[in-house]
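For reference, the structure discussed in these notes is given below.
Residue numbers (the working numbering), protein chains in the order written: chain C, 212 to 599; chain Y, 2 to 385.
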């Protein structure tokens, strides 16, 4: 039966994330955006609150609050600081992926450290200069040795690449076809031969590092293999599907923050003898954003609910990600418009929201990739329904 | 949290779908051209329990949830907008108002007939000079002894000529504007109560829309529905509920158009491959599917809140606003995917597009929904 109310656990962790976001992240957000760098301190505080293992079993150091709770956490954090949020999201996904694909030993070795912040955060190393939306063109290779594997190649766009203590690295172990032959490995940040490149200068998320990684004959043991040889694409897909719920939630959080700023400004700012909130031109923008972001929230929660109940959620996660990212960007754009000239200045946070939201249409699968996934899944479901 | 339908809701939905396939799909084009629904179809719909969906069984209704009702409307609309509109308005407006505001005697008198489909119900609020602004209602009801005397006219009245009963909102105290409105139940055949002009429309042509005229209509006191001068308060609740129905209707129109487009895109070949192989077409379908899912979730969210007796005014406005827009885009893209064929009456897409436009206007225009939502500007916008 349709029911949109939340459990006590969900409400509790949401409230705890909200107060952390308001008290700790929000006051640091503008400065972090301006100076760049990496939010070490905030992340270690997030770890103490359990926010690096929201959907991770308690026995492995997580808070075991589920996927819906995870989504609530991400929305709350992103309202305050998207840069810190993205590091939190990726680290949560690394922990989840190890819980799903790792051996008992790998889980016990790495997951508690990820949750406690002992690795600072985790990172994913999938994209390459020539392999973005199409992972089958990956060129990083892993060769078996007597003791394990040697990995050689270069990666790009690695979130938290400057600081992450543990990476999931994908490399080719055999040649295709397509994505067959790709394998996932766990590589520590201090592995000899692993070199972190200079952070990219980005439009937004300036307080999150995005770096290349060079892997020059990095030797790892047999215990570095995550999941099955040649079948690492499944690991990537799981990380990406779950990651899409995270990115959608991030985008929604930023969008909600933009609408809230615009709402306050509209009530405060007077022109033609009245608060601009009295004008329909302004009301319309806020009303459209409110309706669209509410729809985004429901798409996200549906995907999270499906994942939490171990049902297929690929199509729903793609819809949530596509819709939330695009509508959040629109909401940020409208928020700047409502602020007028002030919205274009760095005196107000909406220009940061606009920059931070934009990437959500690109990473974790571009909008175009989401549409490919959705069209394929919709056609598939249609075919099944038609056949029955 | 739960995003699934109950077994009963799924069964109801499957029954309506089977009915639509068997008895509606082939006929809807003809009904659109005839500008009327055949009686036997309305009887069948009533026999399925769809004419008093949310009315408790003690009054002859089916007693199902708001979510289940939304499923029914969505499913009907996926095949025929006019039939869906007839069912939605009969349920939410006339029948809904009598159940909401009626006393026990009135409920027992009218509801069994309405729920069984033996009588259809109309609801009259809109007037030539008073659409979105209900405060401008000029139809008056003046007390004369043991009678109310109604004078004036209403327009855009769904089921106005085929309905046996009409709930009519009239001003009992013009000085109080909307706070001087009262609702009455009128019955066909009352002297002075007549059907005016039939309204010719862009879409929803098989749904009956007419003007109603009141010339010194004598209405017994016991036909007053709800408290005197409280008509507007009840009306707002009726409109809130009705918006869930129109939102569901929009979702169904869009989904029907999308399903047809997917089927067509797989069949139709150009440049040596099915249309479905081109990204230009895939993109349209992905956008439709995503927007319609978003619309549907907003709709069931409002319905579920209603089922739990929680406030849902803002949610219903969001659902209605967004679903109507999503349906227009989906139907428009469906015509586009079908190309020249989509523009012909041979395919149901042009009808869906014409029908969908109603959803941006009826039960409060898009602009009125935004006005409702803007009231939340000084409050909190969303629970997220």
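Ideal Cβ placement from N, Cα and C applies to all residues, glycine included.
| Item | Value |
| --- | --- |
| Where residue 324(Y) falls: helix, strand or coil (DSSP) | helix |
| 9 Å Cβ cutoff, residue 587(C) in contact with chain Y | yes |
| Counterpart residues of residue 166(Y) in DSSP-defined beta bridges | 122(Y) and 188(Y) |
| Contact check, residue 300(C) vs residue 236(C), beta carbons under 9 Å | no |
| Residue 208(Y) versus residue 588(C): straight-line alpha-carbon distance, rounded | 36 Å |
| Close-in-space but distant-in-sequence residues of the same chain around residue 275(Y) (CB under 8 Å, 5 per side omitted) | 266, 267, 268 and 269 |
| Beta-carbon contacts of residue 311(C) that lie in its chain and below 7 Å, excluding the five residues immediately before and after | 449 |
| Host alpha helix (DSSP H) of residue 282(C) (start-end) | 278-291 |
| Given residue 153(Y) as reference, the closest of 237(Y), 119(Y), 193(Y) and 112(Y) once Cα atoms are compared | 193(Y) |
| Close beta carbons around residue 343(Y), own chain, < 8 Å, minus the five adjacent residues each side | 335, 336, 337, 350 and 351 |
| Test: residue 516(C) CB closer than 9 Å to a CB of chain Y | yes |
| C-alpha distance - residue 95(Y) paired with residue 168(Y), whole-angstrom precision | 6 Å |
| Meets three-Cβ-pair contact criterion under 8 Å: the region 280-300 of chain Y and the region 253-265 of chain Y | yes |
| Own chain residues within Cβ distance below 8 Å of residue 597(C), not counting five before or after | Low per-residue confidence applies at residue 597(C): pLDDT is 48, beneath 50, and the placement is therefore not dependable enough to give any value. |
| Separation of residue 362(C) from residue 16(Y), as counted between CA atoms | 58 Å |
| Delimiting residues of the alpha helix (DSSP H) encompassing residue 257(Y) | 232-268 |
| Delimiting residues of the alpha helix (DSSP H) encompassing residue 74(Y) | 67-80 |
| Within 9 Å, strictly: CB atoms of residue 351(C) and residue 371(C) | no |
| Minimum C-alpha distance to residue 327(C) - residue among 274(C), 347(C) and 349(C) | 274(C) |
| Simplified DSSP state of residue 292(Y), which is helix, strand or coil | helix |
| Reference residue 276(C), options 577(C), 224(C), 414(C) and 287(C), closest by Cα | 224(C) |
| Close Cβ partners of residue 357(Y) (< 6 Å) along its chain, the five nearest in sequence each way excluded | 254, 328, 329 and 332 |
| is_contact[residue 383(C), chain Y] using C-beta, thresh 9 Å | no |
| Where residue 324(Y) falls, given that 16 or more other Cβ within 10 Å makes a residue buried | buried |
| Residue interval of the beta strand (DSSP E) (run including residue 218(Y)) | 210-221 |
| The region 575-586 of chain C / the region 470-483 of chain C touching (three or more Cβ pairs under 8 Å) | no |
| Buried or exposed (CB count within 10 angstroms, at least 16 for buried), residue 461(C) | buried |
| Minimum Cβ-Cβ distance from residue 483(C) to chain Y less than 9 Å | no |
| Interface partners of residue 65(Y) on chain C, CB under 8 Å | Near residue 65(Y) there are no residues of chain C at all, since even the closest Cβ is about 12 Å away, more than 8 Å. |
| Element boundaries [alpha helix (DSSP H), containing residue 322(C)] | 315-327 |
| Residue 225(Y) classed as buried or exposed, judged by whether at least 16 other C-beta atoms fall within 10 angstroms | buried |
| Burial state of residue 384(Y), where buried means 16 or more other Cβ atoms lie within 10 Å | Note that residue 384(Y) scores a pLDDT of 42, beneath 50, so its modelled location is shaky and nothing firm can be said. |
| 9 Å Cβ cutoff, residue 68(Y) in contact with chain C | yes |
| Cβ distance (whole Å) where residue 561(C) is taken to contact residue 546(C) below 8 Å | 5 Å |
| Chain C contact for residue 11(Y) (CB, 9 Å cutoff) | no |
| Three-way DSSP call (helix, strand, coil) for residue 312(C) in this model | helix |
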